[in-house]
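**Q**
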Amino acid sequence: MDPDIPEHLRKWNDTARPYPRDALLPELFEAQVRRTPEAPAVSGGGATLTYRELSGRADAFARVLRRDFDLREGAPVGLLLERSPEVMIGIWAVLKAGGSYVPLDPDLPDGRLQEMADRVEVRCLITRDRWRDRVAGREVLTVEDEPPPGPAVDTPLARATDKAYVIFTSGSTGTPKAVAVPHRGPVRLIINADYIDIRPGDVFLATTSPSFDVSCFEIFGAHLRGAHLVLPPPEALLAPAELAREIDRSGATIMWLTTGLFHQMGFDRPGMFRRLRYLIAGGDTINPECMRAVLAAEPPEHLMSGYGPSENSTFSTTHRLTELPQDARTVPIGRPIANSTCYVLREDRTPCDPGEEGELYVGGDGVALGYLGDDERTAERFMPDPFAGAAGARMYKTGDLGLWRPDGVLEFLGREDRQVQIRGYRVEPAEVEAAAVAHPDVDDAKVAVDEGEDGDRSLVLMAAPEGQVAKEDRRPFAWRLRRFLQDRLPGFMIPSRFAILERLPLGRTGKVDTRAVTADALEDGGQDAEPPRDGTERVVARLWTGLLGLDRIGRDDDFFELGGQSLQVMRVVAGLRAAFGDLEGVPDRTLVRMLLDRPVLSDFAALVDEARQGRSGGDDEPVDFRKEAELAPDLRFGAPSAELPERPRTVLLTGATGFLGAFLVRRFLDAADVRLICPVRARDADAALERIAEALRRYDLPAGGLGERVTAVAADLREPALGLGEERFAELTSRADAVLHNGAHVNFLYPYRRLAPVNVGSVRELIRLAALGDPMPVHYVSSVDVLAGLGTTGVRRAREDDPLGDPAILAQGYAETKWVAESLLRQAAARGLPVSVYRPAEITGTRDRGVQNTATMMTALFKTIAETGLAPAVPMTLDLVPVDCAAEALAHLVLREPPRGHAYHLSNPAPAPLSLLLARLRALGYAVRELPYDEWTRAMAEAARRNPDLPLAGYLPMFTERPEHTQISVFEAHLPGNMPILDRDNIARALGAAGPACPPVDAALLDLYLEYLIESGFLAPAREPRS
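If you're matching positions, the sequence shown starts at 31 in the working numbering and goes up one per residue.
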């Protein structure tokens, strides 16, 4: 340091520490490969690569890059790949070949990708085959056409100051800035660092996209130090319970979180990080309350804040926290890391005294080369470092404000300019404004930042059209503008709200007043819809706005188009009952059906008024189920072809993205010679396959083999010909040997007509498909719900092949659709179609780890009993079938039991009473008492009114509504006596001694399930756990 600078600045920037400053990243990586060749280097998507494998596959691509492209001095190569092992192969391939890698996010619009590639003059592109045409004018290498292995590649002669990678950040002129970073920057970040001790055996849990600069900390932190980089599925970052499970599953020891994710996870589950060695959070101002919550729980060994712009190779400063005083209003960003410097300067660039606010400048070996293709902005931000005392030293003007504390720790005070952090990304509002005014109908635009109560920020766009826009046309205009921006900007830069104004509001200085802009946005954002008129409409609007998180709602808005979900319907019902005492005599089921039938606010409010006055509230016409179950008389099936294989080789499987469906996919793939065709609702086949992969990852199932043996088809079970068109639909007869119809619209509140398009229409279409050629065997997954209430007619034991009872006793739309579907299949079987029907009981968590689908009525009942301490005093039978057992049994039956028109009860041969669950809850410390059934339902209804988030609130009509013709609720219809004993002769014979065994519902199984629900965060631990 220059000896003439102030003592505090010299002392606090004395960070020099030996490290290989002239080394190249691929050299250091290869040295690590030699040290730990068989250690795991990267895992993701069901695959793990060792260091030797990762290096070898990178060498193969590097040879092609070296042969076909001149990559000297860091020539840029685009990587259009998602977070995956393949992108890691690409990164090391480019670096080994002597180039610099440019991560391009596949989620970006094509126009933005093209602009980025053009700006840095990308030579070629490494991508997937399905994305090869998204960037024009480049040679393409696809990961599907991986070159063969060969000898190791020698890295070309290069310097540590050559480009290693290019990261894009938001630009104030509307053009993203391309930050070029040399090898020296990340080497100084990782090797011999003073803020972290990375060891072989550490596990990095990667939380960032490769296009985000902190990914360099994750990638190089792992691969230059012998650690294991784990790439979790995207859904693991969506909820605290999912991330907590991923931390435990992966054995993670090191993790970075953006401020937004840290707030979301830390406030919800502050103790979830306890097993980590290092947790670093940053990217924006950290809420001190969240940091205190994590510190007060079970903090990781090292809990740190991290600060630094992309222009200084990720981290410039870090700070370890062991406590945070109650009066602290900020979380410090700490001290400069090794071989980095930080200055707080006045406007004339003289050093500030401790405690004096100024602008942060960062220097040292992490400073980037500049902005590619933008010499003017490079000169503005990158400048000689007058304090370093070394020739050629440079520093970067961050635009951030800060100050030195007397103890040499830095405090971050926000931005000097308008730049903001949105979901961990730096956003220049001016770039969003520039994109908005590029719309031909927008004259001017301004972006303001709205900060919520939890500290999370969102963008509000105010737009002034060129001409007059009538009030009723403002909403369509806003939607057109949103779509326009979505084609040009990444998702994190799309404003959350829009206000279409005649002109932008100006302050006294003549400049746009951003505070007034925000106020106008909140005021005018909903005026493009006609406001509610009367008291009932206003009550409904208030309920919807609170439930859906919107500012205001118009009378012509549709609940479901606004984002309403089926389980939120009961929260609307609870709110209506709290607001209107005269709805007491109206059944919940009627109110639910009213919202489903008339989801537009004004229409729904009118029905509510009718119900309050004692009128029908829009009752449905009764359904004639026997007429619904009539099969077309001309539908006939010929004799099975001799060419039909005895054991299906290709199975048409519906419902592959559901809980049972995911386990069925995995089970069939584990049978080495079976292929699958899976219709999935998606925009195209690639998206359909990804939905299946996501389902497997959601339940911790390996996704290996999907691409080779699963053909995903974009389809829709609601549509004729499954939405495929007649030609493609008919082709399925020659491609599949059997159908396993597992797909359904599962909702226990919706009426028959709402569910029938999927649950009945798809069965009709699959029967029609089976009749187009040789009769194709159809295996159908029904439900034991079709037998509910049968005991009230005198049936004590239901044999599997007995005729179904009268559908009038079911009184539930879902069971009614299954009754009609089974009836259609019985008729088809009588005409020659090979059919098997499977009726599973309650499908629950796996038998080994208890992995559950927590979005079920049964788990809601478990949670409600545990958290309210109240249970119904009823002889309920827990007929629980672990999902992996169900999948094994179904796969066994499909592959080994030719359909002969039989039904099979897929139930547990050793169920248990509800009392056993209550005993296991008490053993865990939950105080649970039983109430008579009617008293319990009244208590639950009252609890739901007080707390609309009660887990069972969305299912209450199943417990409380007793139709006149049955006099029992749907829940009561499943109790012993009302639900007949399920005979199991067919399934026992078909599975035999060699078939999969179902474990009994005993204390061990229930404890496993409860443990999973607690560890996943779904179920709160008992307040006084027992020893």
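Backbone N, C-alpha and C fix where the C-beta goes; we use that ideal spot for every residue, glycine too. Because the structure is a prediction, the values reported are computed rather than measured.
#1: So, are the CB atoms of S346 and V209 less than 8 Å apart?
#2: For a quick check, are the C-beta atoms of L910 and V1031 less than 8 Å apart?
#3: Using 8 Å as the cut-off, can you tell me whether the region 75–87 makes contact with the region 722–733, which would need three or more C-beta pairs spanning the two stretches below that distance?
#4: So if DSSP puts K427 in a beta bridge, which residue, or which two residues, is it bridged to?
#5: With DSSP as the reference, identify every bridge partner of E872, one or two as the case may be.
#6: Given a threshold of 16 other Cβ atoms within 10 Å of its Cβ, counted over all protein chains shown, does P48 qualify as buried or as exposed?
#7: Just the Cα atoms here: how many angstroms apart are P362 and D503?
#8: Among P436, S853, E757, which has the Cα closest to the Cα of N789?
#9: Given a threshold of 16 other Cβ atoms within 10 Å of its Cβ, counted over all protein chains shown, does Q498 qualify as buried or as exposed?
#10: Do you know how far the Cα of P115 is from the Cα of L947?
#11: With respect to the beta strand (DSSP E) encompassing A662, which residues constitute its N-terminal and C-terminal limits?
#12: Any heavy atom of the ligand HEM inside 7 Å of the beta-carbon of R93?
#13: Identify which residue in F634, Q356, A949, I277 has its Cα closest to the Cα of M302.
#14: If you run the structure through DSSP and keep just helix, strand and coil, what is V462?
#15: With DSSP as the reference, please indicate the residues paired to M334 in a beta bridge.
#16: Within its chain, find whatever has a CB closer than 6 Å to the CB of A942; leave out the 5 residues flanking it on each side and keep chain order.
#17: Helix, strand or coil for A841 per DSSP?
#18: Specify the secondary structure class of D100 as computed by DSSP and reduced to three states.
#19: Determine the contact status of P787 and R748, defining contact as a CB-CB distance below 8 Å.
#20: Leaving aside the five residues before and after L699 along the sequence, list all residues of the same chain whose C-beta is less than 7 Å from its C-beta, in chain order.
#21: With a threshold of 7 Å on Cβ separation, who are the neighbours of M321 within its own chain once the five nearest residues in sequence on each side are excluded?
#22: Pull up the distance between the alpha-carbon of L1049 and that of P981, whole angstroms please.
#23: With a CB to CB cut of under 6 Å and the five nearest residues on each side skipped, what residues in its chain are close to G108?
#24: In terms of alpha-carbon separation, which member of A236, R255, A326, E658 lies closest to L291?
#25: So, for P181: in the same chain, excluding its five sequence neighbours on each side, which residues have a beta-carbon less than 8 Å away from its beta-carbon?
#26: Which stretch, first to last residue, makes up the beta strand (DSSP E) that contains R705?
#27: State the DSSP-derived secondary structure class of A412, mapped to helix, strand or coil.
#28: Determine contact between the region 821–831 and the region 879–887, defined as no fewer than three beta-carbon pairs at a distance below 8 Å.
#29: Where does L187 land, buried or exposed, given buried means 16+ other C-beta within 10 angstroms?
#30: Quick one: measure Cβ to Cβ for P270 and R304, integer angstroms, because I've assumed they're closer than 8 Å.
#31: In angstroms, rounded to a whole number, what distance separates the CA positions of V808 and F514?
#32: Starting from the Cα of V124, find the closest Cα among P67, L171, L661 and give me that residue.
#33: Just tell me which of E660, R623, Y373 has its CA closest to the CA of I35.
#34: To the nearest angstrom, how far is it from the Cα of V472 to the Cα of P139?
#35: So, at 7 Å on beta carbons, what are the nonlocal neighbours of P106 in its own chain, with the 5 sequence-adjacent residues on each side left out?
#36: If the criterion is Cβ atoms closer than 8 Å, does the pair N386 and L333 meet it?
**A** On the basis of the supplied data:
#1: Working through the sequence shown from its first residue, we reach residue 346 at position 316. Working through the sequence shown from its first residue, we reach residue 209 at position 179. Cβ atoms of S346 and V209: not closer than 8 Å.
#2: The count along the sequence shown starts at 1 and reaches residue 910 at position 880. The count along the sequence shown starts at 1 and reaches residue 1031 at position 1001. Between L910 and V1031, the C-beta gap is smaller than 8 Å, which places the two residues in contact.
#3: Yes: at least three Cβ pairs fall under 8 Å.
#4: Sequence index remark: in the sequence shown, residue 427 carries index 397 (1-based). Bridge partners of K427: Y391.
#5: Translated into positions along the sequence shown, residue 872 becomes position 842. According to DSSP, which records beta bridges pairwise, E872 is partnered with L910.
#6: Your numbering for residue 48 matches position 18 in the sequence shown. Classification of P48: exposed, given that the 10 Å Cβ count is below 16.
#7: Working through the sequence shown from its first residue, we reach residue 362 at position 332. Working through the sequence shown from its first residue, we reach residue 503 at position 473. Between P362 and D503, the C-alpha separation is close to 48 Å.
#8: By one-based count along the sequence shown, residue 789 stands at place 759. That would be S853, whose Cα lies nearest to the Cα of N789.
#9: One-based indexing of the sequence shown puts residue 498 at position 468. With fewer than 16 Cβ atoms within 10 Å of its Cβ, Q498 is classed as exposed.
#10: To locate residue 947, count along the sequence shown from 1; it is residue 917. To locate residue 115, count along the sequence shown from 1; it is residue 85. Near 43 Å, if we compare the C-alpha coordinates of P115 and L947.
#11: Position 632 of the sequence shown, counted from the first residue, corresponds to residue 662. Taken as a continuous stretch (DSSP letters only), A662 belongs to no beta strand (DSSP E), as it is neither H nor E.
#12: The ligand HEM is not among the ligands present in this structure, which contains no ligands whatsoever.
#13: In the sequence shown, counting from the first residue as 1, residue 302 sits at position 272. The candidate whose alpha carbon is nearest that of M302 is I277.
#14: In the sequence shown, the residue the question calls residue 462 occupies position 432. Of the three classes helix, strand and coil, the one that applies to V462 here is helix, per DSSP.
#15: Reading the sequence shown from its first residue, position 304 is the one you call residue 334. Beta-bridge pairing links M334 to I310, R350.
#16: Here residue 942 refers to the residue found at position 912 of the sequence shown. Closer than 6 Å at Cβ, skipping near neighbours: L908, V1031.
#17: The residue labelled residue 841 in the question sits at position 811 within the sequence shown. In the structure shown, A841 sits in coil (DSSP, three-state: anything other than H, G, I, E or B).
#18: Within the sequence shown, the letter at position 70 stands for residue 100. In the structure shown, D100 sits in coil (DSSP, three-state: anything other than H, G, I, E or B).
#19: By 1-based counting over the sequence shown, the position of residue 787 is 757. By 1-based counting over the sequence shown, the position of residue 748 is 718. Yes, Cβ-Cβ distance for P787 and R748 is below 8 Å.
#20: In the sequence shown, residue 699 corresponds to position 669, counting from 1. The residues are G735, R739.
#21: Stepping through the sequence shown from its first residue, residue 321 is reached at position 291. If we look at M321 and ignore the five residues flanking it on each side, its Cβ neighbours are L351, L354, V361.
#22: Numbered from its first residue, the sequence shown carries residue 1049 at position 1019. Numbered from its first residue, the sequence shown carries residue 981 at position 951. The alpha-carbon atoms of L1049 and P981 are separated by roughly 10 Å.
#23: As a working note, residue 108 is residue 78 in the sequence shown. Answer for G108: V132, L134, A147, V152, L155, listed in chain order.
#24: The residue you call residue 291 lines up with position 261 of the sequence shown. Closest option to L291, Cα to Cα, is A236.
#25: Indexing the sequence shown from 1 puts residue 181 at position 151. Contacts found: D89.
#26: For this step, residue 705 is matched to residue 675 along the sequence shown. It spans 705–710 - the beta strand (DSSP E) in which R705 sits, taken as one unbroken run.
#27: Counting from one through the sequence shown, the residue named residue 412 turns up at place 382. One point to set straight first is that residue 412 is Phe, not Ala, in the sequence displayed. DSSP places F412 in strand when its eight states are reduced to three.
#28: no
#29: On the sequence shown, residue 187 is found 157 positions in, with the first residue counted as 1. An exposed status is given to L187, since fewer than 16 other beta-carbon atoms sit within 10 Å of its beta-carbon.
#30: Counted from its first residue, the sequence shown places residue 270 at position 240. Counted from its first residue, the sequence shown places residue 304 at position 274. Not a contact, Cβ separation roughly 14 Å.
#31: Looking up residue 808 in the sequence shown gives position 778. Looking up residue 514 in the sequence shown gives position 484. If I take the Cα positions, the gap works out to 46 Å.
#32: The residue labelled residue 124 in the question sits at position 94 within the sequence shown. Just measuring C-alpha positions, the residue of P67, L171, L661 sitting nearest V124 is L171.
#33: Here residue 35 is taken as the residue at index 5 of the sequence shown, counted from 1. Here the closest residue by C-alpha is Y373.
#34: Counting from one through the sequence shown, the residue named residue 472 turns up at place 442. Counting from one through the sequence shown, the residue named residue 139 turns up at place 109. Answer to the nearest angstrom: the Cα atoms are 21 Å apart.
#35: As a working mapping, residue 106 is identified with position 76 in the sequence shown. If we look at P106 and ignore the five residues flanking it on each side, its Cβ neighbours are G129, S130, V132, V150, E151, V152, R153, V196.
#36: Counting from 1 along the sequence shown, the entry for residue 386 is found at position 356. Counting from 1 along the sequence shown, the entry for residue 333 is found at position 303. The sequence given here places Glu at residue 386; Asn does not occur at that position. No; because the gap between Cβ atoms is not below 8 Å, this pair is not in contact.
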